[in-house]
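Trainee:
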Amino acid sequence: MTFLKGIKVFSEKNTDFLVNILGDGPLRNEMETFVKKNNLSDKINFLGWVSKEKMLEEYQSANIQVMSSLAEAMSIAALESLCCGQYLLSTPVSGNTDIINKGENGDFFEFGDFNSMAKKLEKYYNNQFKKKKIISLKFVETFRKKYAWANIAKQYDVLVRDIK
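Each residue of the sequence shown is one higher than the last, beginning at 4 in this note's numbering.
1. Give the range of the alpha helix (DSSP H) segment to which residue 115 is assigned.
2. Taking the straight line between their C-alpha atoms, what separation do you get for residue 124 and residue 159?
3. Which of helix, strand or coil does DSSP assign to residue 24?
4. Restricting to Cα atoms, I'd like to know which of 165, 63, 93 and 34 is closest to residue 51.
5. I'd like the ranges of any beta strand (DSSP E) spanning at least 3 consecutive residues and lying wholly in the segment 58–97.
6. Assuming residue 113 contacts residue 94 (C-beta within less than 8 Å), just tell me the rounded distance between them.
7. Counting only the same chain and skipping the five closest in sequence on each side, list residues whose C-beta sits under 7 Å from that of residue 115.
8. Please report the Cβ distance between residue 67 and residue 89, rounded to the nearest whole angstrom; I am assuming they are in contact, meaning their Cβ atoms lie under 8 Å.
9. Between the alpha carbons of residue 99 and residue 80, how many angstroms are there, rounded?
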C-alpha cells in the first residue's frame, strides 16, 4: 500500500497526472477499496492483465514507473521500463540498485516510506517531467544492449563454463 499512500500524498499538491496499474494480484481488491475511499478514482486506473502489445504501449506512453517492492531478484518490469526510456522510482531492492543511476534514470525511496516516495515523485514531476527532461537515448541504447537476452545468455554461458 506504500505506492497508493504515496500517490495520495502526491495528489494533495499535484492534480495533473494519471496512474495506470497493470496486472492483478492478491492486493487488488484492497487497493481498489483504498482508491475509492481516498477519492483517487479519477487519477488511478486498474487495467488488470493486458496483452504484451498493450503492455508495450503502456511502457512507451508512460513517463515514470514506481516500484515499491519489498524484494526482487532482477525485475523484468524494471528492465522493460528502462528500455522504454522511463524514469524508475524504486525501493533499493537487489537488481534495481544495479540498474538505476540515481538522478539519471531513476531514484530510490526506502521500504514503506510513502512520504519519501511522494517527495521523490514530486521532485521528478517538477524537475524533469515539467521541464521535459528525458533520459538520453544514448543511455537507453547502452542499457538495451547491456541487458539484451543474447548478452545475458552469453554471460551465463561463461559462468557455467567456469564452474565446470
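The C-beta atom is built at its ideal place from N, Cα and C for all residues, glycine as well. Given the structure is predicted, the values throughout are model-derived calculations rather than measurements.
Mentor: The relevant details are as follows:
1. Where residue 115 is concerned, there is no enclosing alpha helix (DSSP H), given that its DSSP letter is neither H nor E.
2. So the two alpha carbons sit approximately 36 Å from each other.
3. In the three-state reduction of the DSSP assignment, residue 24 falls in the strand class.
4. Checking every option, the nearest Cα to that of residue 51 belongs to 34.
5. The segment 58–97 contains these whole beta strand (DSSP E) runs: 67–70 and 90–93.
6. Indeed they touch by this definition, with Cβ atoms about 7 Å apart.
7. Hits under 7 Å: 5.
8. Contact between residue 67 and residue 89 holds, with the beta-carbon distance rounding to 6 Å and staying under 8 Å.
9. Looking at the two C-alpha atoms, the distance is approximately 10 Å.
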